[in-house]
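Engineer: To start, I am sharing the structure in question, which I have written as structure tokens.
Residue numbers (the numbering used here): 6 to 342.
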């Protein structure tokens with residue numbers, strides 16, 4: 006590959022896997038992360054240790070909202086691609102700690118946009134989220150759908166990222182692509198996500214909290230599929246859409262070099278089935294604590310991935326059974342269970 010890629014959030018779940026794949030392809034990867042304490046820093050450091058074993062990887066510990074540090078980073082390197090995955094994650098946590106989402110997801114993203122603009126980065130790929138669809142009822146969700154009714158601050162900051170990116174694409178000709186991830190899971194996953202929490206509780210004999218009595222569906226998407234999409238999209242630099250109509254504007258494209266794609270498995274799975282597959286993989290039955298739906302949660306997510314398939318000839322397809330088995334195998338090895 007012989008090119009230099011900046012990956013923000015490199016010690017995070019998706020950032021770690023993305024960095025590994027770029028390294029596998031021969032790229033030089035510059036990783037950035039602040040190693041905050043939102044979840045177990047030990048897990049982040051373990052991911053980072055794996056990356057630092059690899060030739061071609063270098064790491065900077067910094068906060069993205071630190072303007073001087075980010076400016077210095079961009080001045081020190083000429084990045085061929087920037088993959089911006091660093092963010093404050095979590096829908097429910099955004100209800101309790103709103104300022105951390107503004108600091109990380111909004112202020113942190115503007116420094117990346119500025120760095121890309123000032124150094125003429127050929128393509129910025131950044132993480133959005135399926136949560137931007139909010140109250141939108143039609144499924145599967147399409148990139149051409151309205152996303153004007155988010156129901157969590159986390160979702161609002163991701164919508165803001167898309168708007169900020171479009172502005173920079175329009176004003177400065179910066180090619181930007183936003184990726185709306187749908188419930189990503191897999192080895193090295195986040196401890197605050199359901200799969201990790203459920204696995205830990207079931208193996209320990211503790212009850213699992215099942216919201217809305219399990220009557221929810223999610224488009225669970227395996228992390229390897231997500232990373233394949235990221236790498237393919239990184240080489241699909243957006244251009245102006247000649248068919249874009251200001252009288253009937255398509256939110257997914259523009260006259261600017263701007264694009265948004267769903268990254269989902271296109272196979273929404275009931276939470277009850279997800280738990281059954283986990284029980285099967287663990288060989289143990291869960292004790293279920295049935296609870297009401299939580300603020301900020303949606304009942305169902307489903308991704309229309311036709312645009313992704315058309316653009317890069319790929320759509321996620323790893324089954325829940327295979328993905329959960331791989332996660333459980335990693336969990337047992339990592340925790341020596």
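From the three backbone atoms N, C-alpha and C, an ideal C-beta is built for every residue, glycine too.
Under the assumption that residue 224 contacts residue 124 (Cβ atoms under 8 Å), give the Cβ distance between them as a whole number of angstroms.
Structural biologist: Not a contact, Cβ separation roughly 36 Å.
Engineer: Just list the beta strand (DSSP E) runs in the stretch 79-156, keeping only unbroken ones of 3 residues or longer that don't cross its boundaries, in chain order.
Structural biologist: 86-89, 129-134
Engineer: Please report the straight-line C-alpha distance between residue 3 and residue 181, rounded to a whole angstrom.
Structural biologist: With the chain running from 6 to 342 in the structure shown, residue 3 is simply not present.
Engineer: Excluding sequence positions up to five away, which residues of its chain have a Cβ less than 7 Å from the Cβ of residue 116?
Structural biologist: 69, 70, 72, 75
Engineer: By the 10 Å Cβ neighbour count, where 16 or more other Cβ atoms means buried, how is residue 247 classified, buried or exposed?
Structural biologist: exposed
Engineer: Is it true that the CB of residue 193 sits closer than 9 Å to the CB of residue 48?
Structural biologist: yes
Engineer: Starting from the C-beta of residue 330, find all residues in its chain whose C-beta is less than 8 Å away, skip the five residues before and the five after it, and write them out in chain order.
Structural biologist: Leaving aside the five residues that flank residue 330 on each side, the residues in its chain whose CB is nearer than 8 Å to its CB run, in chain order, 286.
Engineer: Return the CA-CA distance between residue 301 and residue 308, expressed in angstroms with no decimal places.
Structural biologist: If you draw a straight line from the Cα of residue 301 to the Cα of residue 308, it comes to about 19 Å.
Engineer: Can you say whether residue 322 is buried or exposed, counting buried as having 16 or more other CB atoms within 10 angstroms of its CB?
Structural biologist: exposed
Engineer: Thinking just about the alpha-carbon of each residue, which of 133, 281, 170, 153 is nearest to the one in residue 163?
Structural biologist: 133
Engineer: If you draw a straight line from the alpha carbon of residue 144 to that of residue 278, how long is it in whole angstroms?
Structural biologist: For residue 144 and residue 278, the distance between alpha carbons rounds to 20 Å.
Engineer: Taking only the alpha-carbon atoms, compute the straight-line gap between residue 10 and residue 77 and give it to the nearest angstrom.
Structural biologist: Approximately 16 Å between the Cα atoms of the pair.
Engineer: Give me, in chain order, the residues of the same chain whose beta-carbon lies closer than 6 Å to that of residue 326; leave out the 5 immediate sequence neighbours on both sides.
Structural biologist: 282
Engineer: Could you name each continuous alpha helix (DSSP H) segment of 4 residues or more that falls completely within the stretch 215-282, going from the start of the chain to the end?
Structural biologist: 228-239
Engineer: DSSP has residue 173 in a bridge; who is on the other side?
Structural biologist: Beta-bridge pairing by DSSP links residue 173 to no other residue.
Engineer: Give the straight-line distance between the Cα atoms of residue 274 and residue 221, rounded to the nearest whole angstrom.
Structural biologist: 8 Å
Engineer: With contact counted as at least three CB pairs below 8 Å, one residue from each stretch, are the stretch 86-94 and the stretch 19-32 in contact?
Structural biologist: Counting Cβ pairs under 8 Å, three or more are found: they touch.
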